[in-house]
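A.B. asks: Submitted below is the structure of interest, expressed as C-alpha cells.
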Amino acid sequence: MNSITKVMLTGSVLLAAMGTHFQARGGDSYTEAGDLIQILLPVSAMGLSLAKGDNDGTVALFKSSVSTAVLTHGLKFAVNKTRPDFSADNSFPSGHTSAAFSGASFLYTRYGASWGLPAYALAAYTGWSRVHGDRHYWDDVIAGAGIAVLSNLYFTSPASSNLAIMPWSNRDSTGVQLALSNDFFDLKKPSTRFNFTQPLVPRYQFDFFLGSANFNRVNLPANEDIVDNVAGHQHHSASAAMCWRWFYDSRQTWSFYTHPMEMRTALHSTAPEGQHVRYQLWDNAIDWQYQVYRGGDFDAFIGAGLQFQHAELATYHSKNSYNEVNAVSEWLFFPKVTAQVMYQMQPKVALNVSGELGHNGQGSLAIADVSMRYDFNAQWGAALGCRYYCRSQETSKTLKDVAVNNVYLRFDYRF
C-alpha cells in the first residue's frame with residue numbers, strides 16, 4: 029500500500045468521523061469532550077494500523093468506518109426522528125456514537141483488550157455525553173453503537189454477499205431494506221466464502237434490534253403535580269435494543285436484554301396549557317432458558333427470569349426548556365416465566381414464537397413475540413419480527429399502564 033493510498037484512507041475515515049461533528053450545537057465541557065473523542069478514536073485506530081504496517085487492518089477499518097457512516101446517515105435521513113431538544117429531525121441513530129464505536133470496536137477486534145477496552149470506555153462516554161447534552165435519546169446511542177460494532181464484525185468475518193442492508197423510506201413509512209440475490213433462496217447451494225475448518229460451536233451470541241416503537245396505550249398517574257391521566261395516547265418512534273446470550277451448555281442459555289424507550293410530547297390535560305411531558309421506560313431482563321424438547325423440526329423451551337425497568341416522568345414549561353417543573357422516577361421488578369417454540373422450516377429458515385408472563389403482586393407484565401429467522405452461516409443470522417409488550421401497575425408513580433408494539437429487524441452474531 030503506497031503512501032498516497034494510506035493518506036486517502038486516513039482522510040476518508042477522518043471525514044466519516046467528522047460527519048456529525050459540525051452539526052453539533054455548543055454545550056458544556058462533557059458534551060464537548062464527547063465531540064472530540066468521536067473523532068479521536070477512529071483516527072487513532074487508523075494511525076495505529078498504519079504504524080503497525082497492518083495493511084489488511086487498515087483496509088478493514090476503512091470499509092467498516094465508511095459503511096458505518098453511510099448506514100448511520102442514511103437511517104438519519106430515512107427515519108427523520110426529532111432530537112430531544114427539538115433542534116433537528118436527525119436524531120436516530122447517533123452519529124457521534126457510531127463514529128466512536130467504529131474505532132473502538134476495530135481496536136478491540138484487531139489488537140485485543142489492552143487497546144480495545146479503554147477505547148470502548150471512551151466510546152461509551154461519548155454516547156453518554158450525547159444524552160447528557162440533550163442531543164440524543166438512549167436508543168439513538170444504542171443504535172449508533174450497534175451499527176458500528178456489527179459493521180466492524182462484518183468485515184472481520186464478512187457475511188454472505190447474498191445480503192445487502194440499506195435504509196429505506198417512502199411517503200408513508202421508513203425502515204431498513206434487505207436486498208437479496210437469487211442465491212439467497214437456494215438453500216442447497218454451498219457457500220464458498222465460509223469454509224470453517226471445524227464446526228463452529230458458539231458460546232455467545234450478540235443480538236442487535238432495529239425497528240419501530242409504537243406506544244399505543246400510555247396511562248399516566250392522576251397526579252395534579254405531574255399531569256392528569258391520559259388514555260389512548262399514541263406515539264411512534266424509531267428504537268433499538270441489544271441482547272447478549274451465553275450458551276451455558278447444549279440445552280441451557282442465559283441472556284441479558286436492554287431496550288430504552290423514551291418519548292417527549294405535549295399532552296392536553298389538566299396540566300397548565302403548553303406543558304411539555306417526557307416519559308421513559310427502560311426495559312431490562314435477565315433470563316434463563318432450558319430446552320425441554322428437541323425434535324426433528326420442532327424445539328421447545330421454557331424458562332424463568334426477572335424483568336426490571338426504570339421509568340421516569342417529567343414535565344417542562346415548554347419543549348425548549350431544560351428546567352423540570354416536576355419529575356418522578358422509579359424501579360419496577362417483575363419475576364416472570366417464559367416459553368418458546370421454534371419450527372425449522374428449512375435448513376436455514378426458522379419460525380420462532382415466544383411468550384412471557386410476569387407478576388410482582390401489584391402489577392403484571394405480558395410479552396408476545398413472533399419472528400422469522402434466516403441463518404447466513406454459522407456465525408451470522410437475521411430475523412424479521414414483531415413484539416407486543418403490555419405492563420400494568422396501578423401503584424406506579426410514573427406509567428400506570430403502557431402497551432407498546434415493536435416491528436423489528438434483528439441481526440445475530442455468534443462466537
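Under the numbering used here, the sequence shown has 331 at position 303, and the numbering climbs by one with no breaks. Yeah, the Cβ is synthetic: ideal placement off N, Cα and C, and Gly gets one too. This one's a predicted model, so the numbers in the text were calculated from it and none came from an experiment.
#1: Roughly how many whole angstroms lie between the Cα atoms of residue 420 and residue 316?
#2: Residue 287 bridges to which residues according to DSSP?
#3: Using a C-beta cutoff of 8 Å, does residue 400 count as contacting chain B?
#4: Just checking my contact of residue 441 with residue 284 at CB under 8 Å: how many whole Å lie between their CB atoms?
#5: Quick one: what's got a C-beta closer than 7 Å to residue 54's C-beta in the same chain, skipping five residues either side?
#6: Find the nearest neighbour of residue 156 within the set 278, 287, 58, judged by alpha-carbon distance.
#7: Give me the DSSP bridge partner(s) of residue 374.
#8: In whole angstroms, what is the alpha-carbon distance linking residue 446 and residue 121?
#9: Assuming the contact rule is C-beta atoms closer than 8 Å, residue 280 and residue 232 should be a hit. Round their C-beta distance to whole Å, please.
#10: If I'm right that residue 132 touches residue 147 with Cβ under 8 Å, what's the distance once you round it to whole angstroms?
#11: Determine the direct distance from the alpha carbon of residue 111 to that of residue 165, and round the result to whole angstroms.
#12: Quick one: measure Cβ to Cβ for residue 126 and residue 100, integer angstroms, because I've assumed they're closer than 8 Å.
#13: From residue 64 to residue 308, what distance separates their C-alpha atoms?
#14: Does the separation of the CB atoms of residue 83 and residue 137 fall below 8 Å?
#15: Along the alpha helix (DSSP H) that carries residue 417, what are the first and last residues, could you check?
#16: So who's on the other strand from residue 362, going by DSSP bridges?
#17: Is the separation between the beta-carbon of residue 359 and that of residue 338 shorter than 8 Å?
#18: Would you report the Cα separation of residue 389 and residue 380, rounded to the nearest angstrom?
#19: How would you label residue 214, buried or exposed, when you count the other beta carbons within 10 angstroms and need 16 or more for buried?
#20: State yes or no: is the C-beta of residue 230 within less than 8 Å of the C-beta of residue 275?
#21: Per DSSP, which one or two residues make a beta bridge with residue 330?
#22: I think residue 266 touches residue 107, with their Cβ atoms under 8 Å apart; what is that distance to the nearest whole Å?
#23: Given a threshold of 16 other Cβ atoms within 10 Å of its Cβ, counted over all protein chains shown, does residue 430 qualify as buried or as exposed?
#24: Using three-state DSSP, classify residue 52 as helix, strand or coil.
#25: Once you ignore the five residues that flank residue 443 on each side, which residues in its own chain have a CB closer than 7 Å to its CB?
#26: Who are the Cβ neighbours of residue 104 in its own chain at under 6 Å, not counting the five residues just before and after it?
#27: Contact defined as beta carbons within less than 8 Å: I believe residue 372 pairs with residue 403. What is the distance between those atoms, to the nearest angstrom?
#28: Looking only at its own chain, which residues have a Cβ that is under 8 Å from the Cβ of residue 150, when we skip the five neighbours before and after it?
#29: On the DSSP letters alone, give me the boundaries of the beta strand (DSSP E) that residue 434 sits inside.
#30: Check whether the Cβ atoms of residue 353 and residue 366 lie closer than 8 Å to each other.
#31: So which of 143, 439, 113, 245 has the shortest CA-CA distance to residue 161?
#32: Have a look at residue 86 and residue 60 and give me their C-alpha separation to the nearest angstrom.
C.D. replies: Working from what's here:
#1: 23 Å
#2: 311
#3: Of the protein chains in the structure, only one exists, and it is not chain B.
#4: That belief does not hold up - the Cβ atoms of residue 441 and residue 284 are roughly 15 Å apart, past 8 Å.
#5: The predicted position of residue 54 is uncertain, since its pLDDT is 46 and thus under 50; a value taken from the coordinates is nonetheless stated next. Within the same chain, residue 54 has no close Cβ partners at all.
#6: 58
#7: 377
#8: Outside the modelled stretch of the chain, which goes from 29 to 443, sits residue 446, for which no answer is possible.
#9: Between residue 232 and residue 280 the Cβ distance is about 14 Å, and since that is not below 8 Å, they are no contact.
#10: 4 Å
#11: 8 Å
#12: 5 Å
#13: 28 Å
#14: no
#15: Taken as a continuous stretch (DSSP letters only), residue 417 belongs to no alpha helix (DSSP H), being part of the beta strand (DSSP E) at 408 to 421.
#16: 335
#17: yes
#18: 30 Å
#19: Per-residue confidence for residue 214 stands at a pLDDT of 45, beneath the threshold of 50, marking its modelled position as unreliable; the derived number appears in the next sentence. Exposed: under 16 other Cβ atoms inside 10 Å.
#20: yes
#21: 318, 367
#22: 4 Å
#23: buried
#24: Bear in mind that the predicted position of residue 52 carries a pLDDT of just 39, short of 50, making it unreliable; the figure below should be weighed with that in mind. Three-state DSSP puts residue 52 in coil, outside helix and strand.
#25: 230, 232, 407
#26: 118
#27: 10 Å between Cβ atoms; not a contact.
#28: 65, 68, 69, 128, 132
#29: 429 to 442
#30: no
#31: 113
#32: 28 Å
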